[in-house]
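Heads up: the sequence shown begins at 17 in my numbering, then just goes up one per residue.
A short write-up of the structure that comes next.
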Amino acid sequence: YANAAGHLEFQYTARASFACNMVLGAPIGKAFAIIVGAPAGIGVLMSDAALKAANVELCGYASPDNGGTKYSNESMIFISGDAGAVRQAVYAAREVGKQALEALGGPCPPVTTPYI
17 YANAAGHLEF QYTARASFAC NMVLGAPIGK AFAIIVGAPA GIGVLMSDAA LKAANVELCG
77 YASPDNGGTK YSNESMIFIS GDAGAVRQAV YAAREVGKQA LEALGGPCPP VTTPYI
């Protein structure tokens, strides 16, 4: 999802825990998601919504201050848990992120065909 004000990204997998563990330190045997919002303030709003919406574990985060997103002004979280809970967290983050991004820059259609 994107417009002139920023973008939102969502990645989800219920079956790639070994790869996610190797690369990102995610727990093995659990679903995993990455939630990204730019500008970073929208990412923080999305993170809050995701963590409150479902029983998921925060595996990590990146912000302009501590994660290499200084130049892209992104905020992102990495979450894991039961597949249904992780999906619900992503859905909640997406709704909050779309509302905030549309308030800043108008419609924010998906850039590709969303799979989640």
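Backbone N, C-alpha and C fix where the C-beta goes; we use that ideal spot for every residue, glycine too.
Here the structure is a predicted model, which is why all the values come from computation and not from measurement.
Given this structure, state the Cα-to-Cα distance separating residue i from residue j, to the nearest angstrom.
i, j, result
"ILE132", "ALA105", "11 Å"
"PRO126", "ALA30", "22 Å"
"ILE58", "GLU111", "11 Å"
"GLY121", "VAL60", "18 Å"
"ALA21", "ARG103", "26 Å"
"PHE26", "ASP81", "21 Å"
"TYR87", "THR128", "24 Å"
"PRO55", "GLY45", "32 Å"
"PRO123", "TYR107", "18 Å"
"ALA47", "ALA99", "5 Å"
"ALA119", "LEU40", "32 Å"
"ALA69", "ALA101", "8 Å"
"TYR17", "LYS114", "8 Å"
"ASN89", "TYR28", "22 Å"
"VAL72", "PRO43", "12 Å"
With residue i as the anchor, note down where its alpha helix (DSSP H) starts and where it stops.
i, result
"SER33", "33-40"
"ALA56", "56-69"
"ASP122", "Just to set this straight, residue 122 is Gly in the shown sequence, not Asp. Where GLY122 is concerned, there is no enclosing alpha helix (DSSP H), given that its DSSP letter is neither H nor E."
What span of residues does the beta strand (DSSP E) with residue i cover, start to end?
i, result
"GLY76", "73-78"
"TYR28", "22-29"
"SER88", "Where SER88 is concerned, there is no enclosing beta strand (DSSP E), given that its DSSP letter is neither H nor E."
Measure the beta-carbon distance from residue i to residue j and round it to whole angstroms, keeping in mind my assumption that it falls under 8 Å.
i, j, result
"ILE51", "ALA116", "Actually they do not touch by this definition, with Cβ atoms about 13 Å apart."
message: Across the stretch 31-42 and the stretch 56-65, are there enough close Cβ pairs to call them in contact, namely three or more that are closer than 8 Å?
response: no
Do the stretch 69-83 and the stretch 94-102 meet, that is, are 3 or more Cβ pairs less than 8 Å apart?
yes
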